[in-house]
Structure formats: structure tokens, C-alpha cells
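Engineer:
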Amino acid sequence: MRASLIQIAVDPDEPVDDRRARVARLVREERGVADLVVLPELWPTGAFAYEAFGAEAEPLKGPTYEAMAAAARDAGVWLHAGSFVERVPDGAADGAGSLYNTSLVFSPDGELVASYRKIHRFGFDKGEAVLMAAGEDLVTVDLPRLTVGVATCYDLRFPELFRGLVDAGAQAFVIPAGWPARRRAHWTLLAQARAVENQAYVLACGTAGTHADVEQAGHSIVVDPWGEVLAEAGPGEETLRVVLDPAKVASTREQFPALKDRVL
Ligand SMILES: O=C(O)CCC(=O)C(=O)O
Numbered sequence: 001m002r003a004s005l006i007q008i009a010v011d012p013d014e015p016v017d018d019r020r021a022r023v024a025r026l027v028r029e030e031r032g033v034a035d036l037v038v039l040p041e042l043w044p045t046g047a048f049a050y051e052a053f054g055a056e057a058e059p060l061k062g063p064t065y066e067a068m069a070a071a072a073r074d075a076g077v078w079l080h081a082g083s084f085v086e087r088v089p090d091g092a093a094d095g096a097g098s099l100y101n102t103s104l105v106f107s108p109d110g111e112l113v114a115s116y117r118k119i120h121r122f123g124f125d126k127g128e129a130v131l132m133a134a135g136e137d138l139v140t141v142d143l144p145r146l147t148v149g150v151a152t153c154y155d156l157r158f159p160e161l162f163r164g165l166v167d168a169g170a171q172a173f174v175i176p177a178g179w180p181a182r183r184r185a186h187w188t189l190l191a192q193a194r195a196v197e198n199q200a201y202v203l204a205c206g207t208a209g210t211h212a213d214v215e216q217a218g219h220s221i222v223v224d225p226w227g228e229v230l231a232e233a234g235p236g237e238e239t240l241r242v243v244l245d246p247a248k249v250a251s252t253r254e255q256f257p258a259l260k261d262r263v264l
């Protein structure tokens, strides 16, 4: 299985519609090159552009959905389209409703096969943690020969989420992120830890550049079930391409059956 992680920068001077069109072009460029394409967290707005969340929020089937469904179909790829700010109306007169950090996964026919609302919201007493509602459901997606569990950015710090995904059958984790450069060491370490402890592939796609005064780590990374780093991006915009061997999950779990020794 060939996977491409598209690490883009969120430049506040680039209009969101232009960025959507640019990202769709980058996805289409993976036609015949990748089976699975992965995008970062909140790439339409920027993960730290809190003041833009309300204005840029979209319904589930809004412009990002439409652009990414078409791009997946044109490219003939499974597309984890990263995440966007989803607005879910609650019927109140002000129309504000709730915001979620929502990921979308499309089939090569452009059909939505999964959506995931980020469970662990980042920011402590500000930002996403106060502006957005928390998702509640674990999500896995059956790709041909590989069951993928999805998580988003800050979720990476919560190993129990990944155990839950393993219990639901996950053999790989796809993690879009907007991880800050300040904590890049955590990103790399945690990506490897989640792969090793769960004997699963980790495909973690971050953002490049700086937005909202937060320098992004970039360094998207793909780790195999043994913990080996298969590929790692630099800090700038880049498409990271790797080949995954789905059989390696079962062989790793058989040869070193630590998952079977779980007590809790
Ligand atoms: O956990 C971190 O250090 C970064 C998390 C984050 O930036 C996010 O979830 O948006």
C-alpha cells in the first residue's frame, strides 16, 4: 500500500478558497502514485487561528467536503482529508450551534466512509478547548488489507485512545496534526511510542510554516509496527511518500506478542 502525506503550510495571506483549490491539486497529483493520501489538521483555517474558527466553520457537507470528495475521486485514492472546523446547529436562534474539529475520510469513488470529531481538545483554558465541543466516538476505517484508526493531533498524547482503537481492530493510525515546533521532540517520540506499544503503523501528518504566531513542527512521520521510522519530512512544505506492508502488522504481533500480555 502506497501512502502520501501532504504537509502544507497555512499562510494567512492565502485565501481559504485558494488553499482548498491548491490542496485539491496536490491530492490529484498523487493519482497513480498513492493508494492513501493524508492531509493535516485544520488546514483550511490553521489549528491555532482561533479567531477564524467561527467565521470559517462549515457544515459537514460544506466546501471542504465537496472539494475533497472530488479530489479523492479524481485521484482514485483513499483520502484522509485532514480536519476542518465543523459547525453543528443546535436549533437556537443565533445559529451558532457547536463547533467540532472534524476529520473526513473518502473512498476512491469520492464517497464519505468516515468522519471523526477530535476527542481531546487542545488549549487547556483557551483556544480549541473552549471554542469547540469534544467528539465522543472512536472511529476505524477498513481500507483494503488494512484497518485504520483515526485520531487528531493532541489525541496523540492519550495512549488509552489508541488502545481502544486497537481493540476495535486498528492496524494503523492516521493522525493529522498542527503540532507546534516548540514540542517537536514530543511529536516524534509519541508517534514512535504509539507505533511500538500498539504494534501498528503510525502515519502522522503535520503542518509547515507559521500561522497565528505559532511556528509549526512539520516533520510529518511514518513509523512501522516495529517502531522504525520509514520516512520523515523536513520543516517545510513537502509530500512524504512511503510504501506500507499490511502483513507486517500481523507478523510483528506474532513474533513479539506483547499485546497478548495486556492485563488491564
Ligand atoms: O499536544 C501538543 O503539544 C500540541 C497539540 C496541538 O497543537 C493540537 O491538538 O492542536
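So the sequence shown is residues 1 to 264, counted in the UniProt record's numbering.
Here a beta-carbon is modelled for each residue, glycine too, at the ideal position from N, C-alpha and C.
#1: Please classify VAL196 as buried or exposed, where buried requires at least 16 other C-beta atoms within 10 Å of its C-beta.
#2: Would you mind listing the alpha helix (DSSP H) stretches within the region 6-63 that are 4+ residues and don't spill past its ends, in chain order?
#3: Exposed or buried, which one is TRP187 when buried takes at least 16 other CB atoms within 10 Å?
#4: According to DSSP, simplified to helix, strand and coil, what is PHE162?
#5: With distances taken from CA atoms, which of TYR50, PRO44, ALA24, GLY236 is nearest ASP125?
#6: Would you list the residues sitting across from ALA3 in a DSSP beta bridge?
#7: Grab me the residues of THR210's own chain with a C-beta within less than 7 Å of its C-beta, minus the 5 sequence neighbours each way, in chain order.
#8: Grouping DSSP H, G and I as helix and E and B as strand, with all else coil, what is ASP137?
#9: Check for me: the alpha helix (DSSP H) holding THR188 runs from which residue to which?
#10: Could you check what DSSP says for THR252 in three-state terms: helix, strand or coil?
#11: According to DSSP, HIS80 sits in a beta bridge with which residue or residues?
#12: Any chance the CB of GLU86 is under 7 Å from a heavy atom of ligand 1?
#13: What are the uninterrupted segments assigned as beta strand (DSSP E) that are 3 or more residues long and contained completely in the region 204-241, given in chain order?
#14: Let me know the secondary structure DSSP gives ARG87 once reduced to three states.
#15: Comparing alpha-carbon positions, which option in ASP137, MET68, TRP179 lies nearest PRO108?
#16: Below 8 Å on the Cβ atoms is my guess for GLU30 versus ALA70; work out the distance and round it to an integer in Å.
#17: Rounded to whole angstroms, what is the Cα-Cα separation between SER98 and ALA52?
#18: Rounded to whole angstroms, how far is the Cβ of GLY178 from the Cβ of GLY206, which I believe are closer than 8 Å?
#19: Would you mind stating whether VAL243 and ARG2 have Cβ atoms separated by less than 8 Å?
#20: Pull the bridge partners of GLY149 from the DSSP assignment, please.
#21: Who pairs with LEU156 in a beta bridge, going by DSSP?
#22: Is the beta carbon of ARG73 within less than 7 Å of some heavy atom of ligand 1?
#23: Which residue wins for smallest C-alpha separation from ASP13, given the options ARG28, ALA34, VAL27, THR45?
#24: Less than 7 Å between C-beta atoms, sequence neighbours within five positions excluded: which residues of the same chain meet that for GLY135?
Structural biologist: Walking through what the data contain:
#1: buried
#2: 16-28, 50-56
#3: buried
#4: helix
#5: TYR50
#6: LEU36, VAL242
#7: GLN216
#8: coil
#9: 184-198
#10: helix
#11: VAL38, VAL105
#12: no
#13: 221-223, 229-232
#14: strand
#15: MET68
#16: Not a contact, Cβ separation roughly 14 Å.
#17: 15 Å
#18: 7 Å
#19: yes
#20: THR140, PHE173
#21: Note: LEU156 sits in no beta bridge, so no partner.
#22: no
#23: THR45
#24: TYR100, TYR116, ARG117, LYS118, ILE119
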